[in-house]
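Visitor: Counting with my numbering, you get residues 141 to 296 for the letters of the sequence shown.
Ideal placement from N, C-alpha and C gives every residue a C-beta, glycine not left out.
The following block contains the structure, expressed as structure tokens.
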Amino acid sequence: MDALKLLKQDHRVVKKMLANLEDTTERAVKTRSEGLASLKQELKVHEKIEEEIFYPALKEHPKTKDIALEAYEEHHVVDMVMREIETTAPYDETWMAKFMVMKENLEHHIDEEEGEMFTQAQQVFDDEELKALGQRMQDRKEELNESVVERIRDLI
Ligand SMILES: [Fe+2]
Ligand SMILES: [Fe+2]
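Pasting the structure below:
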């Protein structure tokens, strides 16, 4: 599959999860903690395939190097806010405030990827290269998701 198409699909899933969490109230403690755990897992795999496969490929081209470097840092900021939310009780009044900061950061990051980054990527890679990158990311994604299933199985 085309790399950009694969990443866009992931982005849609993340956006849906963010929208669902935004709709929760302080009383929805279980929904918030479960929703956050699913979002974290989804983001972990997505960030990994970008950081291990897509961004390094972008970094090799002078035209896309800077935007890739910036993207690593944006992941880092999102991960930090995520850790803060995880240590905040879902019924605490600051939970939603922190969540909204993470949501806005993520949406900005996704917009930048799908806008400037993907436009530039289409200029430096041909269709074959994008397909090959997409295949590698798809394989890695499956591998990462399998290891999660195995870990859950070990816990049961
Ligand atoms: Fe990203
Ligand atoms: Fe992304």
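#1: Hey, how far is the Cα of residue 269 from the Cα of residue 237?
#2: Is residue 186 near ligand 2, judged by its Cβ being under 7 Å from some heavy atom?
#3: Check whether the Cβ of residue 207 sits closer than 7 Å to any heavy atom of ligand 2, and report yes or no.
#4: Distance, Cα to Cα, residue 241 vs residue 232?
#5: Measuring alpha carbon to alpha carbon, tell me which of 160, 199, 146, 185 ends up nearest residue 283.
#6: Rounding to the nearest angstrom, what Cα-Cα distance links residue 166 and residue 227 in this structure?
#7: Would you kindly work out how many angstroms separate the C-alpha atoms of residue 195 and residue 208, rounded to a whole number?
#8: Are the segment 149-159 and the segment 287-295 touching by the rule of at least three beta carbon pairs closer than 8 Å?
#9: Is residue 249 near ligand 1, judged by its Cβ being under 7 Å from some heavy atom?
#10: Please determine if the segment 159-177 and the segment 187-194 are in contact, where contact requires at least 3 C-beta pairs separated by less than 8 Å.
#11: Using three-state DSSP, classify residue 166 as helix, strand or coil.
Guide: Quick answer:
#1: 41 Å
#2: yes
#3: no
#4: 15 Å
#5: 185
#6: 15 Å
#7: 5 Å
#8: no
#9: yes
#10: no
#11: coil
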